[in-house]
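>
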Amino acid sequence: MNRLLCDSHIHLGDAEYEPYLHHLIMTMKALGMNACSVSVNTISSLKAISFFKNYRDIVYNFIGIHPEFANLDLAEFENILYKNKDFVDGLGEIGIDEQYSKQNPKNTIQIQSVVFKRMLEIAEKLDKPISIHSRNSIDLILDMLSSYTIAKTCFHWFDGSREQLFRVMDRGYYVSFSPAILSSTRIQELLKLTVIDNVLLETDGPVRYRGCFRDVITSPISILVSLVYFVSEILDLSFEDTANQISNNSKSFFKR
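Sequential numbering from 6 applies to the sequence shown in our numbering.
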């Protein structure tokens, strides 16, 4: 069996991982796991490029401008990206989120939309996959995506409606589920409705979750195997079949 469990969305460059990041990566390697590290702004993108270019056998490196930071200098980000495009596997975390406009009136939906569209243009030009933040903005984002030809698209931590899920599936996009499925019956039902070939799993670490993972800084080695097991229970599949399916999905999405 050639199974490789993959965390499709984790902020490996976050400061909380710094004290033991090398150990974490080496342990993932020993356990047959890999991960997609996402960035949120120019600083975290530079940091990720500097570190993860040495671990391309185990880390997929996505960089991008998160909607929270849409006021940043786009030109600076593009300069970083194009100088290092050989070490960048995709764009993420990118998207639109009205919540950040409420927190910062200068970070309007219009500004976020301009930045997001530019991220899509770059992904299309460079033939790179994308990881999308779509909280309360799925319909708007789906409308925007229709104007672009993107290699692969994943709606990270999908939390939309049944109708929105069906629109996403009709387009052949991927959706990733986080440990939130452990406590949310609504998200469990969404998982059951999702085309199995388009399911990815993520931790979104270092996010902490409720229940048995309370106060745990999540990472692939702390939660990914448990997440695969829980998904297998929800879908009434064996652990082996679920792990192999998710592995194949991940290889398809992240294929370099």
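Where is the CB? At the ideal position from N, CA and C, for every residue including glycine.
(1) Return the first residue and the last residue of the alpha helix (DSSP H) that Leu195 is part of.
(2) Per DSSP, what are the beta-bridge partners of Asp12 in this structure?
(3) Relative to the C-alpha of Asp102, which candidate in Lys88, Val120, Leu96, Lys52 has its C-alpha closest?
(4) Pick helix, strand or coil for Asn3, following the three-state DSSP scheme.
(5) Could you work out which residue in Ile228, Ile192, Ser181, Ser224 is closest to Leu206 when comparing CA atoms only?
(6) Give me the Cβ distance between Leu38 and Leu10, rounded to the nearest whole Å; I'm assuming they're in contact under 8 Å.
(7) Touching or not, the segment 113-128 and the segment 52-67, by the rule of three or more beta carbon pairs under 8 Å?
(8) For Glu245, which three-state DSSP category applies?
(9) Can you check whether the CB of Glu21 is closer than 8 Å to the CB of Asp211?
(10) Alpha carbons only, please: which of Thr223, Arg61, Asp91 is nearest the one belonging to His14?
(11) Give every residue of the same chain whose Cβ lies closer than 7 Å to the Cβ of Leu36, excluding the five residues on either side of it in the sequence, and list them in chain order.
(12) Give the secondary structure of Phe163 by DSSP, where H, G and I count as helix, E and B as strand, and everything else as coil.
(13) Suppose the cutoff is 8 Å on Cβ atoms and the five residues either side in sequence are ignored; what does the same chain contact list for Phe258 look like?
(14) If we call anything under 8 Å between Cβ atoms a contact, is Lys90 one with Ile63?
(15) Would you list the residues sitting across from Val204 in a DSSP beta bridge?
(16) Using the Cα positions of Ile30 and Trp162, report the straight-line distance between them to the nearest angstrom.
(17) Are Ile48 and His71 touching if we call contact CB-CB under 8 Å?
(18) Take Asn141 and list the residues in its own chain whose beta-carbon comes closer than 8 Å to its own, dropping the five residues that flank it on each side.
(19) Does the Cβ of Tyr214 have 16 or more other Cβ atoms within 10 Å, making it buried, or fewer, making it exposed?
(20) I'd like the span of the beta strand (DSSP E) that includes Ser136, first residue to last.
(21) On a Cα-Cα basis, can you pick out the residue from Phe74, Gly95, Thr32, Arg176 that is closest to Ala53?
(22) Which residues in the same chain have their Cβ closer than 6 Å to the Cβ of Lys208, if we skip the five residues on either side of it in sequence?
(23) Do you know offhand how far Leu242's Cα is from Thr190's?
(24) Just the Cα atoms here: how many angstroms apart are Glu245 and Glu81?
(25) Check Leu17 in the structure and name its three-state DSSP category.
Inspection of the coordinates gives the following:
(1) 190-198
(2) Ala40
(3) Val120
(4) Lying outside 6 to 261, the shown extent of the chain, residue 3 is not represented and no answer is given.
(5) Ser181
(6) A quick correction: the sequence has Met, not Leu, at residue 38. Yes, they are in contact, since the Cβ atoms of Met38 and Leu10 sit about 5 Å apart, within 8 Å.
(7) no
(8) helix
(9) According to the sequence as given, residue 211 is Pro; it is not Asp. Yes. Within cutoff.
(10) Thr223
(11) Ile226
(12) coil
(13) Ser13, Pro134, Lys157, Cys159, Tyr179, Leu205
(14) no
(15) Val180
(16) 23 Å
(17) no
(18) Asp102, Glu103, Gln104
(19) buried
(20) 135-138
(21) Gly95
(22) The question names Lys, but residue 208 is Thr in the sequence shown. Result list for Thr208: Asp12, Ile15, Thr223, Ile228, in chain order.
(23) 18 Å
(24) 45 Å
(25) coil
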